[in-house]
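Scroll down for the structure; my scribbles are underneath it.
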Amino acid sequence: MKKTVFFGALTVAGLVAGAASAATLDDVKARGSLNCGVTTGLVGFAAPDADGNWQGFDVGVCRAVAAAVLGDPDAVEFVPTTGQTRFTALASGEIDLLARNTTWTMSRDVDLKFEFVGVNYYDGQGFLVPKALGVTSATELDGATVCIQTGTTTELNLADYFRTNGISYEPVPIETNAEGQQQYLAGACDVYTTDASGLAATRATFENPGDHVLLPEIISKEPLGPLVRHGDNEWGDIARWTLNALITAEELGVTAANAAELSMEPGNNPEINRLLGTEGELGAMLGLEADWAKKAIMAGGNYGELFENNIGENTAIALARGLNAQWTDGGLIYSPPFR
Amino acid sequence: MSDTPVTYVRKEMLGQKAPPTSEVGPVRWVRENLFSSPMNAFLTILSLYAIYVVVSHVGPWLLNGIWDAESLTECREIIAATGDGHHSAACFGVISARWHQLVFGYYPSELYWRPILALVVFLVGISPVMFPSLPRKLYIVTLAAPLLCFWLLWGGSIWFPVSIALGFGVGVVAHKLLDENVSALAAIIGAIVLPLLFWLYLAGPIASGLDSVIPLGIEFVPSRSFGGFMLSIVIGLSAIVISLPLGILLALARRSDLFIIKTCAVVFIEVIRGIPLIVWLFTAQLLLNYFLPPGSSFDLTLRVIIMVTLFASAYIAEVIRGGLAALPKGQYEGADSLGLNYWQSMQLIILPQALKISIPGIVNTFIGLFKDTTLVVFIGLFDPLGIASAIRATTEWNGIYWELFLFIGIMFFISCFSMGRYSLYLEKKLQREHR
Chain Z
22 MKKTVFFGAL TVAGLVAGAA SAATLDDVKA RGSLNCGVTT GLVGFAAPDA
72 DGNWQGFDVG VCRAVAAAVL GDPDAVEFVP TTGQTRFTAL ASGEIDLLAR
122 NTTWTMSRDV DLKFEFVGVN YYDGQGFLVP KALGVTSATE LDGATVCIQT
172 GTTTELNLAD YFRTNGISYE PVPIETNAEG QQQYLAGACD VYTTDASGLA
222 ATRATFENPG DHVLLPEIIS KEPLGPLVRH GDNEWGDIAR WTLNALITAE
272 ELGVTAANAA ELSMEPGNNP EINRLLGTEG ELGAMLGLEA DWAKKAIMAG
322 GNYGELFENN IGENTAIALA RGLNAQWTDG GLIYSPPFR
Chain G
1077 MSDTPVTYVR KEMLGQKAPP TSEVGPVRWV RENLFSSPMN AFLTILSLYA
1127 IYVVVSHVGP WLLNGIWDAE SLTECREIIA ATGDGHHSAA CFGVISARWH
1177 QLVFGYYPSE LYWRPILALV VFLVGISPVM FPSLPRKLYI VTLAAPLLCF
1227 WLLWGGSIWF PVSIALGFGV GVVAHKLLDE NVSALAAIIG AIVLPLLFWL
1277 YLAGPIASGL DSVIPLGIEF VPSRSFGGFM LSIVIGLSAI VISLPLGILL
1327 ALARRSDLFI IKTCAVVFIE VIRGIPLIVW LFTAQLLLNY FLPPGSSFDL
1377 TLRVIIMVTL FASAYIAEVI RGGLAALPKG QYEGADSLGL NYWQSMQLII
1427 LPQALKISIP GIVNTFIGLF KDTTLVVFIG LFDPLGIASA IRATTEWNGI
1477 YWELFLFIGI MFFISCFSMG RYSLYLEKKL QREHR
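One line per chain: the protein sequences are Z and G, in this order.
The opening residue of the first sequence carries number 22 in my numbering; numbering runs sequentially from there.
The opening residue of the second sequence carries number 1077 in my numbering; numbering runs sequentially from there.
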């Protein structure tokens, strides 16, 4: 009896929840903090430091959205999610935004009913080889032994790539990234292949990272980006345009350091003025304050600054911008205009 | 013939001689135990060599361990500076830099005294149960301990735990009044229903009312800040403490003659036990979310504690049922012939014997349960293993494995080994037969 009542109550609560979850922006404002789903720990992208403060490239997106909506980059509750729990956490409303190096695929966007609001990192499968091997391109890898995680898409990508190029390889199956590192360092394989950002992070842990190089070829598409639930387009717009604001800020040369100064009064560049809210009504269209983008940029810097501070060439991970350069520099990072 | 007597019998005793050196002390022990046959001698030498190989590799690694380094890179620099290039050393700097996270998770560091005090309260509370020689007055602490620990760990207003405690008071008073004035059955029902109603409808308003009059409380710490061994211990100990009484009730229910009670107990035990713990944890994490309104704060850690408790109680119930089944029928009949009612006979005769038989099984289940708390890493909680991978995910410590696992292993071993030792002590103390 009691159980029936309990489950009845749960069902009613669930229905109410479904009806009430439409206005995420209001929920976030009422709560005073943004619930942001992140990974439980990935080098450079999200990890808590010695004081328990979350740091990283994906964390920067969370903080920017929190700053845009609530004016405070620290008003974020970071909810660590695993590969299994991330989508349910978002679908059930436990988190408002998922910024967890998640690849944008059609089935996730359409079938799982999520909305990817953009791409903050273009990843792809790459190759790590010892410098001593003297290889400068993946096409020279004919006959190489390759350490590869079994049962993943990387395995299929690899087979496709070598077949397309008409060269052969010998796979050395491994289970986890940790095992991959050990096998590769022990010389069990000539080449280690997985996502390029993962390879860079792995190389950074080696005793002599300089003895190993990432080959220039990237053989698969892994666009990683933040995502929100279907059904609340206003909230999706806020997340999308916050990310776009960071990208546009880099393009226009607005940084965390000069954003405050540039937003004192309208300058000569009308797009900067619209972005920083000294001209036009862009903030009000989103239901935010006029200086929302300024706050988002000042939270952790523009896109380029976030990249440089967390995963860029001056960090231990030392990722080159590559595909993630601005479109003006030959990359894919491109924001629609602020107009 | 000479008169001289031929002495062929010794007249005085010889002093005792020491046995041959090969037959006493370490030499004999070694000869008998290690070199009693060529095969054994060979195996001994082989084992000694194996031990030498392990120790000669692991020993220097441990002893040269570097404790003061801020990152793996720094560690490697120190090793390169001191050694000859082939020199290996553990980098325990990760432990000295991050031990507080491994132990307390992300609990605010200025509040570390609270979980420590909660553990002390818990130990004092449980001591009269574990060691009967202690003064009985300590049971007051035992009664207050659960709510006190809850308040110390999570913090917030003191009136919330107080109003929960009031609910128990309501139950006791209701039981007393109804038992005297109506009937025993009404008393039992009243003692269950009235506190539930109190908690559902009155506890909240009373707590917030009192809080607005006299705001008294300590800083609230959300469950998300819990982590490391603190999280394991909170989940493990809550589950252990609650699952034991629950398991006893389930075991009794399963052996009951009342059809409905028996069926409920069987279904509960078989369903809970028949599904892996990790599935229950995913249920707690994922499914319950769909039913609860978003933002409703039915805390994930509490959900996990409830699931782990239910899981453990099903196992405990079966262990205790084994103990109950091991008792000769004469014990039950003897209790009946004394004119004891069901609860009296259980309390005075059956359970003390059944529980004593079940001690190794119960402690075994508890040890397993405590180690199973590491499964919560899969639902995104930061148990020690989760913290370890979070530490590895920082650029300073990426690539460090053994030192962290060693630390976690040692901590778990200490906890589980002490539980095992206590179980042995209890068995010896309660031994009554075969004297």
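Positions of the beta carbon are idealized from the N, C-alpha and C atoms, including for glycine.
Please read these numbers as outputs of a predicted model, since none were measured by experiment.
{"Query": "Comparing the C-beta of residue 1024 of chain G with each C-beta of chain Z, is any distance below 8 Å?", "Result": "The structure shown has nothing for residue 1024 of chain G, since chain G only spans 1077 to 1511."}
{"Query": "In the segment 1099-1162 of chain G, which residue ranges form an unbroken alpha helix (DSSP H) of at least 4 residues, counting only runs that do not cross its ends?", "Result": "1101-1109, 1114-1139, 1148-1158"}
{"Query": "Distance check for residue 1380 of chain G and residue 1335 of chain G, CA to CA, integer angstroms please.", "Result": "31 Å"}
{"Query": "Using beta carbons (cut-off 8 Å, strictly below), is residue 226 of chain Z in contact with chain G?", "Result": "yes"}
{"Query": "Please list the terminal residues of the continuous beta strand (DSSP E) segment that includes residue 1251 of chain G.", "Result": "Element bounds for residue 1251 of chain G: not the beta strand (DSSP E) but the alpha helix (DSSP H), 1235-1257."}
{"Query": "For residue 216 of chain Z, does the count of other Cβ atoms within 10 angstroms reach 16, so buried, or fall short, so exposed?", "Result": "buried"}
{"Query": "Does chain G have any CB closer than 8 Å to the CB of residue 98 of chain Z?", "Result": "yes"}
{"Query": "Quick check on the burial criterion: 16 or more other C-beta atoms within 10 angstroms. Buried or exposed for residue 15 of chain Z?", "Result": "The structure shown does not extend to residue 15 of chain Z, since chain Z is modelled only from 22 through 360, so no value can be given for it."}
{"Query": "Below 8 Å, can you find three or more Cβ-Cβ pairs linking the segment 90-98 of chain Z to the segment 326-339 of chain Z?", "Result": "no"}
{"Query": "Considering residue 1200 of chain G, what are the terminal residues of the alpha helix (DSSP H) in which it resides?", "Result": "1189-1206"}
{"Query": "Is the beta carbon of residue 1449 of chain G closer than 8 Å to that of residue 1311 of chain G?", "Result": "yes"}
{"Query": "Just the chain G side, please: which residues come within less than 9 Å of residue 63 of chain Z by C-beta, in chain order?", "Result": "1469"}
{"Query": "Can a CB atom of chain G be found closer than 8 Å to the CB of residue 170 of chain Z?", "Result": "no"}
{"Query": "Taking Cβ positions only, does residue 259 of chain Z come closer than 8 Å to chain G?", "Result": "no"}
{"Query": "Does any heavy atom of the ligand MN sit closer than 7 Å to the C-beta of residue 1231 of chain G?", "Result": "The ligand MN is absent from the structure shown, which contains no ligands of any kind."}
{"Query": "Out of curiosity, what's the CA-to-CA distance linking residue 1073 of chain G and residue 1208 of chain G?", "Result": "A question about residue 1073 of chain G goes unanswered here, because the residues of chain G that appear run from 1077 up to 1511."}
{"Query": "State yes or no: is the beta carbon of residue 1504 of chain G nearer than 8 Å to at least one beta carbon in chain Z?", "Result": "no"}
{"Query": "Along the segment 1181-1215 of chain G, where does the CB come closer than 7 Å to a CB of chain Z? Name the residues.", "Result": "1182"}
{"Query": "The beta strand (DSSP E) with residue 146 of chain Z in it runs from where to where?", "Result": "146-151"}
{"Query": "So, at 7 Å on beta carbons, what are the nonlocal neighbours of residue 81 of chain Z in its own chain, with the 5 sequence-adjacent residues on each side left out?", "Result": "321, 327, 331"}
{"Query": "Out of curiosity, what's the CA-to-CA distance linking residue 281 of chain Z and residue 265 of chain Z?", "Result": "19 Å"}
{"Query": "Over what stretch of residues does the alpha helix (DSSP H) that includes residue 210 of chain Z continue unbroken?", "Result": "No alpha helix (DSSP H) holds residue 210 of chain Z; DSSP gives it neither H nor E."}
{"Query": "Given that residue 101 of chain Z touches chain G, what residues does it touch there, using C-beta distances under 9 Å?", "Result": "1300, 1456, 1457, 1458, 1462, 1466"}
{"Query": "Quick one: complete beta strand (DSSP E) runs, 3+ long, within the segment 38-112 of chain Z?", "Result": "55-60, 97-102"}
{"Query": "Name the one or two DSSP bridge partners that residue 233 of chain Z has.", "Result": "Z:151"}
{"Query": "Could you list which residues in chain Z have their beta carbon closer than 7 Å to that of residue 1362 of chain G, in chain order?", "Result": "106, 109"}
{"Query": "If the cut-off is 7 Å on Cβ atoms, which residues from the segment 1239-1255 of chain G count as contacting chain Z, listed in chain order?", "Result": "none"}
{"Query": "Can you find a C-beta in chain Z that's less than 8 Å from the C-beta of residue 1104 of chain G?", "Result": "no"}
{"Query": "Alpha carbons only, please: which of G:1428, G:1420, G:1464 is nearest the one belonging to residue 1402 of chain G?", "Result": "G:1428"}
{"Query": "What three-state label does DSSP hand residue 194 of chain Z in the structure shown?", "Result": "strand"}
{"Query": "In the structure shown, what three-state DSSP assignment does residue 244 of chain Z receive?", "Result": "strand"}
{"Query": "Run down chain Z in chain order and give the residues with a C-beta less than 9 Å from the C-beta of residue 1262 of chain G.", "Result": "Neighbours of residue 1262 of chain G on chain Z: none; closest Cβ ~17 Å, over 9 Å."}
{"Query": "DSSP state of residue 117 of chain Z, grouped into three classes?", "Result": "coil"}
{"Query": "Using the beta-carbon count (16 or more within 10 Å), is residue 45 of chain Z buried or exposed?", "Result": "buried"}
{"Query": "How long is the line joining the alpha carbons of residue 42 of chain Z and residue 97 of chain Z, rounded to whole angstroms?", "Result": "Caution is warranted here: a pLDDT of 48 is assigned to residue 42 of chain Z, below 50, making its placement in the model unreliable, and no coordinate value can be reported."}
{"Query": "With 8 Å set as the bound, which would you pick, yes or no: does the beta-carbon of residue 1474 of chain G sit closer than that to a beta-carbon of chain Z?", "Result": "yes"}
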